[in-house]
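Below is one structure; the comments refer to it alone.
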Amino acid sequence: LGKSHRSILEIMNTWFFFLHLCRPCHNREKARGLGKYICQKCHAIIDEQPLIFKNDPYHPDHFNCANCGKELTADARELKGELYCLPCHDKMGVPICGACRQPIEGRVVNAMGKQWHVVEHFVCAKCEKPFLGHRHYERKGLAYCETHYNQLFGDVCFHCNRVIEGDVVSALNKAWCVHCFACSTCSAKLTLKNKFVEFDMKPVCKKCYEKFPLELKKRLKKLLKVTDAVLE
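Its first residue numbered 196, the sequence shown is counted upward by one per residue in this note's numbering.
What follows is the structure, given as structure tokens:
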């Protein structure tokens with residue numbers, strides 16, 4: 196058979212196939228070809244945006260608001276097995292997720308003036324990992340984990356674990372708030388002009404260092420990188 200004859204046969208087979216389908220099956224096949232939904236109530240094709248209720252698609256006008264009786268639209272909200280129009284749903288005080296705009300029925304986190312689904316949507320704007328109770332850092336309406344905020348925008352203090360606002364003290368290969376840079380033993384405030392030594396990744400002032408056992412000081416000089424400011 197030539198190409199044109201094969202095309203005619205394919206069209207005839209398709210027509211014959213649809214001719215012998217019942218209406219629900221015909222609609223289902225047609226919807227599949229158009230990339231549309233089939234209403235699970237009337238079994239007709241949904242031309243506009245469907246209303247998803249209990250994971251099934253429907254024509255929105257098959258339902259009415261459980262509170263005011265108004266005919267629903269596709270942006271209706273489900274709560275405890277009932278459907279509500281947006282105005283009624285908002286009046287019920289149900290928290291709405293700042294990311295997906297859907298109601299939050301489980302755990303909720305309040306951040307940046309909004310409420311969020313804890314796991315699914317309150318995530319780092321860069322790596323998209325959920326914070327799960329860990330500290331987040333805000334920038335221009337977006338939340339970031341410590342690592343990516345530091346990479347993108349600034350330094351996080353080694354001591355208080357907060358983003359440093361103002362001057363940064365860079366010491367021992369770390370960043371510190373000015374008011375957090377202190378002796379880890381006696382808490383005396385330090386500056387880069389003071390003499391200090393690194394011990395357990397933290398600064399120790401001259402007075403506390405001198406009180407260390409002689410053997411410990413010898414070991415520190417051998418094993419640890421002592422800053423140029425350390426007293427010999």
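Just so it is clear, CB atoms sit at the ideal spot from N, CA and C, and this is done for glycine as well.
For residue i, count neighbouring Cβ atoms within 10 angstroms of its own Cβ and tell me buried if that reaches 16, exposed if not.
i    : result
Q310 : buried
P298 : buried
G301 : exposed
A271 : buried
V399 : buried
A370 : buried
N208 : Residue placement at N208 is flagged as unreliable, the pLDDT there being 48, under the threshold of 50; the coordinate-derived value follows with that caveat. The residue is exposed, with fewer than 16 neighbouring Cβ atoms inside 10 Å.
H329 : exposed
G293 : buried
V314 : exposed
H374 : exposed
P255 : buried
F348 : exposed
P266 : A small correction: the amino acid at residue 266 is Glu; Pro does not occupy that position in the sequence shown. So E266 counts as exposed.
E393 : buried
C234 : buried
R414 : exposed
C260 : buried
C263 : exposed
V385 : Going by the sequence as given, residue 385 is Leu instead of Val. That one is buried.
Between which two residues does the alpha helix (DSSP H) harbouring residue i extend?
i    : result
K401 : 401-405
E393 : Here E393 belongs to no alpha helix (DSSP H); instead the beta strand (DSSP E) covers 391-394.
L274 : From DSSP, L274 is part of no alpha helix (DSSP H) but of the beta strand (DSSP E) over 272-274.
C283 : 281-286
Within its chain, find whatever has a CB closer than 7 Å to the CB of residue i; leave out the 5 residues flanking it on each side and keep chain order.
i    : result
A320 : L337, A338, Y339
E273 : F248
M307 : E333, G336, A338
Q244 : A269
A383 : A377, C400
C280 : C260, C263, K265, L267, A271
Just to confirm the assignment, what range does the beta strand (DSSP E) spanning residue i have?
i    : result
E341 : Where E341 is concerned, there is no enclosing beta strand (DSSP E), although the alpha helix (DSSP H) it sits in stretches over 341-347.
D251 : 251-253
F353 : Taken as a continuous stretch (DSSP letters only), F353 belongs to no beta strand (DSSP E), as it is neither H nor E.
R334 : 332-334
L246 : 246-248
In the DSSP assignment, what are the bridge partners of residue i?
i    : result
H312 : V303
K369 : A366
A377 : K384
F358 : In the sequence under discussion, the amino acid at residue 358 is Val, which differs from the Phe named in the question. Paired residue(s): V351.
V289 : None, per the DSSP bridge assignment.
E266 : N259
A338 : E333
R298 : First, the amino acid is wrong: residue 298 is Pro here, not Arg. Beta-bridge pairing links P298 to I291.
P408 : The partner list for P408 (beta bridge, DSSP) is empty, contrary to what the question assumes.
With a CB to CB cut of under 8 Å and the five nearest residues on each side skipped, what residues in its chain are close to residue i?
i    : result
K412 : Y404
P252 : Y232, I233, C234, Q235, I241, P245, L246
S379 : F394, D395, K397, P398, V399
By Cβ distance below 6 Å, which residues in the same chain neighbour residue i in space, the five residues on each side in sequence not counted?
i    : result
P325 : V314, V318
P290 : I299, V303, Q310
H257 : K236
K416 : none
P408 : none
N345 : V351
H331 : A338
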